[in-house]
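Read left to right, the sequence shown gives residues -21 to -1, 1 to 339 (mature numbering (1 follows the signal peptide of the UniProt record, and there is no 0)).
Positions of the beta carbon are idealized from the N, C-alpha and C atoms, including for glycine.
Notes follow once the structure below has been shown.
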Amino acid sequence: MKRVRIISTILALTLILGVTAAGCTKASTSKKTRQLVIANWKGYGSDTPYAINTFEKANNCKIVHQYYDSEDGLLNMLKQGGIGKIDVMLPNLGYMQRVIKQNLAEPIDLSKLKNYNDIIEDLRNQKDLRDSNGKVYGIPWVWGTTSIGYNPDKIKEKPTSIAVLWDPKYKGQIAFNDDYTCAVLSAALYLKEKDPYNPNLDKVKEVLIKAKQNSKLLWSSYDDFSKAYTSGSVILGNVWSGAATELKAEGQKIEYIYPEEGTVAWLDTWCIAKNAPNKDLAYKWIDFMTSTEFQKKFTSNPKDQPPIPANKKVFDSMTDEQKKALWVYPSVPTNLVMEKSLPDETTEKWQKLWDEVKAS
């Protein structure tokens, strides 16, 4: 998952809406080229030259990306002027119910997606993708994990437990993911809580403070982690699977393991934004993103930080070397704790707890 820190979402929105308006003026003259506005993380698959050039050529349109630097940033972007301007967006499964309940997306007509049935069934059936009436709002694209990456030249004995993030032996050499959902779930796994979605928050806060004290930095973007890891200032951390893939492809010494307690997992999904001005193009975009053509291309280049494809045909056709590059050889991890939508009250408590941990 190649998520890069960028300018503030409000500034980005101001700039992009200006670009869109300028594009509309040009389009009104030529009456040929429409703009498809895509909200996504920077450097995350959809803005590769291959994706842009292929889609623009096939659909006689211009792609414009609007970047955000957090899931909450995406929601704010939509609420602060994005509705009616953005066509498609990529929220995490854990945010889907907020997207639906806050009326930020359109229900999806599955009959308009020819590749929908190629998506892995377990991913399609995630209940957070639907509203209370069963209408689908999100289409699975890729999934991955946030697990333990480490330098085997510095850590000779392969870690087997998430407890390595709390090991005082590595104090000041650890990078811990600055994401409240991942943080709470990781702490719950460390504590061996029976229900990681409903842990003892007092205990969680206590161990997260210890994790913070044991860490060199709290990272939130690939650049944050990459710079610290490649410089040698950190030698392990909980990191996105795709980030570990790219670092290894660039020649860095890194291995990636799934701890015995379980692994935090995530799923990214394409949605059509509320009042999208180009719904027909939005459907074509989602179909392209989930196609065998695109997903095979995306997962074949480790330097694009590819996550695990949601397209079953693509996953089943991967070579052993490709699976090794994505850390799913000989098989995918089974003891997964998925970042899913939580009740608003729970989300608020977790976010407040993490803010207090960082301020401690």
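Name the one or two DSSP bridge partners that residue i has.
i, result
"Arg77", "Beta-bridge pairing links Arg77 to no other residue."
"Val67", "Ile17 and Ile251"
"Phe294", "Per DSSP, none; premise fails for Phe294."
"residue 341", "The chain is shown from -21 up to 339; residue 341 falls before or after that span and cannot be answered."
"Pro288", "Val121"
"Asn257", "Answer is none; Asn257 lacks a bridge partner."
"Phe155", "Leu197"
"Arg109", "Val115"
"Met56", "Beta-bridge pairing links Met56 to no other residue."
"Ala84", "Ala252"
"Tyr46", "Asn19"
"Ile98", "Asn290"
"residue 362", "In this structure the chain extends from -21 to 339, so residue 362 is not present and cannot be described."
"Cys40", "Arg13"
Tell me whether the beta-carbon of residue i lies closer than 9 angstroms to the beta-carbon of residue j.
i, j, result
"residue 342", "Gln284", "Here the chain covers residues -21 to 339 and nothing more, so residue 342 does not appear."
"Asp66", "Pro238", "no"
"Gly123", "Trp245", "yes"
"Trp329", "Tyr159", "yes"
"Val218", "Ala154", "yes"
"Leu170", "Lys182", "yes"
"Thr325", "Leu108", "no"
"Lys253", "Leu57", "yes"
"Gly73", "Asn156", "no"
"Leu92", "Ala18", "no"
"Ile98", "Cys250", "no"
"Asp48", "Ser200", "yes"
"Leu164", "Glu318", "yes"
"Tyr29", "Lys276", "yes"
"Arg13", "Asn32", "no"
"Ile214", "Lys133", "yes"
Assuming the contact rule is C-beta atoms closer than 8 angstroms, residue i and residue j should be a hit. Round their C-beta distance to whole Å, please.
i, j, result
"Thr278", "Met297", "7 angstroms"
"Asn46", "Lys21", "Correcting the residue type first, residue 46 is Tyr in the shown sequence and not Asn. Sure, about 4 angstroms apart at Cβ, within 8 angstroms."
"Pro131", "Glu300", "With 8 angstroms as the limit, Pro131 and Glu300 do not qualify as a contact, their Cβ atoms being about 19 angstroms apart."
"Gln231", "Lys195", "17 angstroms between Cβ atoms; not a contact."
"Pro147", "Asn193", "7 angstroms"
"Ile87", "Asp110", "Not quite, the Cβ-Cβ distance comes to about 11 angstroms (not below 8 angstroms), so this is no contact."
"Glu185", "Pro178", "Not a contact, Cβ separation roughly 11 angstroms."
When you compare each of the options to residue i by their alpha carbons, which one comes out closest?
i, options, result
"Ala167", "Leu187, Ala18 and Tyr201", "Leu187"
"Glu229", "Ala162, Lys282 and Ile17", "Lys282"
"Trp333", "Asp51, Lys191, Lys91 and Lys41", "Lys191"
"Val336", "Lys189, Asp299 and Asp26", "Lys189"
"Val121", "Gly24, Leu89, Ser194 and Glu35", "Gly24"
"Val311", "Asp323, Lys206, Lys91 and Ala289", "Ala289"
"Ser140", "Lys276, Ser126 and Leu54", "Ser126"
"Leu260", "Tyr208, Tyr29 and Ala37", "Ala37"
"Gly221", "Leu321, Leu305 and Asn112", "Leu305"
"Asn71", "Cys161, Asn96, Phe34 and Ile42", "Cys161"
"Asn94", "Ser339, Lys291 and Tyr308", "Lys291"
"residue 353", "Ala142, Phe34 and Asp26", "This structure gives no information on residue 353, because the portion of the chain shown stretches from -21 to 339."
"Leu315", "Ser339, Tyr176 and Gly128", "Tyr176"
"Met75", "Leu53, Ser90 and Leu89", "Leu53"
"Val143", "Leu102, Lys106 and Glu240", "Glu240"
Mind listing, in chain order, the continuous beta strand (DSSP E) runs of no fewer than 3 residues lying wholly within the region 258 to 284?
-> none
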